[in-house]
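Reminder that position 118 of the sequence shown reads as 118 in the UniProt record's numbering, one-by-one numbering, no gaps.
To start, the structure itself, in structure tokens.
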Amino acid sequence: MTKQRDYRAILGITQEETAFLLKTTKSQIALFELGLRLLPAVKMFKLVLMYNHVQKKLQEKATLPDDKAQNAKCIALLEHEFRNTEIEIYELNRELEKIQAKYQKSISAGELALYLETELPEDERPSKEFIAMLHYRAKSGIEKYGKAAQLQCELKLKAQQQLQELIKKELERFK
């Protein structure tokens, strides 16, 4: 048996609206919902008729094929999201390439600083400040664009690729 409160929920109306439709008081509806009092037979019959009608219509809609307009909206949304993820993947690939290039540049600067410091004769070496600046730039670049930064970008890229695959599956489901 359906609970008294479920009648109103299925009908999608408030206690006041139920009382108005059944031509009764709100307190009588409240007592009915709490299970403390039954509605008069005529009013209960009216409520059951409305309930059955709405239930029947809801079940019919559930068995009908999906609405074409709603499907079209879903397809448009999914295609838009698919394009957005393609753009995001492209941008993340470029960002990853830039990070890797800057990391390689930092390593090269460190090697150059080491070469200038150890391999060149004393009279051909640049100033110690310049070499220290190269070391500092290399060290900070390696820290900033190192494996952690590359991994973070790769994870974002993989997440976008998985999202794109999910969107592709959803698109196939709607088409």
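The beta carbon of each residue, even a glycine, is placed where N, CA and C say it ideally should be.
Residues of its chain near residue i, where Cβ-Cβ distance is below 6 Å and the 5 sequence neighbours each way are ignored
i    : result
L134 : A109, A113
I29  : Q15, T18, A19
M1   : Confidence in M1 is poor, its pLDDT being 41 and thus under 50, which makes the residue's placement too unreliable to answer from.
Reference residue i; option with closest CA among the options
i    : options              : result
Q55  : I10, L151, K175      : I10
M44  : E95, Q160, Y7        : Y7
A41  : E122, C74, T24, G141 : T24
Q162 : E88, Y51, S140       : E88
Reduced DSSP secondary structure (H/G/I, E/B, other) of residue i
i           : result
residue 182 : Since the displayed the chain opens at 1 and closes at 175, residue 182 lies outside it and no answer follows.
E119        : coil
G141        : helix
D67         : coil
E111        : helix
K23         : coil
I13         : coil
L155        : helix
Heavy atom of the ligand PLP within 8 Å of residue i beta-carbon
i    : result
M133 : As for the ligand PLP, it is missing from this structure, which has no ligand bound.
Assumed close pair residue i, residue j - CB separation to whole angstroms, cut-off 8 Å
i    : j    : result
E95  : C153 : 6 Å
I99  : Y145 : 5 Å
Q160 : L92  : 6 Å
Contacting residues, own chain, Cβ-Cβ under 8 Å from residue i (five flanking each side not counted)
i    : result
R125 : L116, E117, I131
I167 : L78, E81, F82, T85
L171 : I75, L78, E79, F82
A101 : none
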